[in-house]
Ligand code: DQA
């Protein structure tokens, strides 16, 4: 099976340093290691990436159309602003999950709206690093269901 793309948006390279009270002490490398370990138990391969650049994220979603079986995306602040990422996810037409470390609905009002949500199968937020693990489990279920269908 093709890998699942795990895509991370702006400022997530600073995980562990950035607002630890909100995002915890794990670094993005720690998140990646946790994803790799969990993906292995599910029999999934992952391609884990981060960019601070909206256009690069759009390009990776385009790449996913051919090269990935599904997408887990934490678009960071672009979640709340990016019609371009929304359109790219629609165009990719793959099983996809929106992920957030924090519970965005408990936070500022500007984080309550997501341009990703209407373009993905589902949203997981508020469980810290565990959100990524749950997202991979959800993607695995979607991919298994697709195979059966
Ligand atoms: C985030 C939540 C976003 O609102 C924020 O801009 C981020 C991180 C999260 O994982 O909780 O950069 O996506």
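In the working numbering, the protein residues as written are 2 to 150.
We put the beta carbon where it would ideally sit given N, CA and C, even for glycine.
First and last residue of the uninterrupted beta strand (DSSP E) at residue i
{"i": "residue 90", "result": "It is not in any beta strand (DSSP E) - residue 90 instead sits in the alpha helix (DSSP H) that spans 84-93."}
{"i": "residue 8", "result": "5-9"}
{"i": "residue 124", "result": "123-126"}
Any non-hydrogen atom of the ligand DQA within 6 Å of residue i CB
{"i": "residue 102", "result": "yes"}
{"i": "residue 127", "result": "no"}
{"i": "residue 78", "result": "yes"}
{"i": "residue 105", "result": "yes"}
{"i": "residue 75", "result": "yes"}
{"i": "residue 9", "result": "no"}
{"i": "residue 112", "result": "yes"}
{"i": "residue 12", "result": "yes"}
Enclosing alpha helix (DSSP H) for residue i [first to last residue]
{"i": "residue 57", "result": "55-68"}
Coarse secondary structure for residue i, derived from DSSP in three states
{"i": "residue 27", "result": "coil"}
{"i": "residue 97", "result": "strand"}
{"i": "residue 71", "result": "strand"}
{"i": "residue 15", "result": "helix"}
{"i": "residue 32", "result": "helix"}
{"i": "residue 112", "result": "helix"}
Residue j beta carbon less than 7 Å from that of residue i
{"i": "residue 70", "j": "residue 100", "result": "no"}
{"i": "residue 98", "j": "residue 139", "result": "yes"}
{"i": "residue 89", "j": "residue 125", "result": "no"}
{"i": "residue 119", "j": "residue 48", "result": "no"}
{"i": "residue 78", "j": "residue 86", "result": "no"}
Pick from the options that is closest to residue i, judged by C-alpha positions
{"i": "residue 54", "options": "120, 92, 12", "result": "12"}
{"i": "residue 146", "options": "48, 50, 61, 122", "result": "122"}
{"i": "residue 42", "options": "134, 144, 143", "result": "134"}
{"i": "residue 143", "options": "129, 110, 95", "result": "95"}
{"i": "residue 56", "options": "84, 31, 73", "result": "84"}
{"i": "residue 58", "options": "73, 24, 46, 45", "result": "73"}
{"i": "residue 92", "options": "112, 40, 60", "result": "60"}
{"i": "residue 128", "options": "27, 8, 14", "result": "27"}
{"i": "residue 68", "options": "136, 110, 6", "result": "6"}
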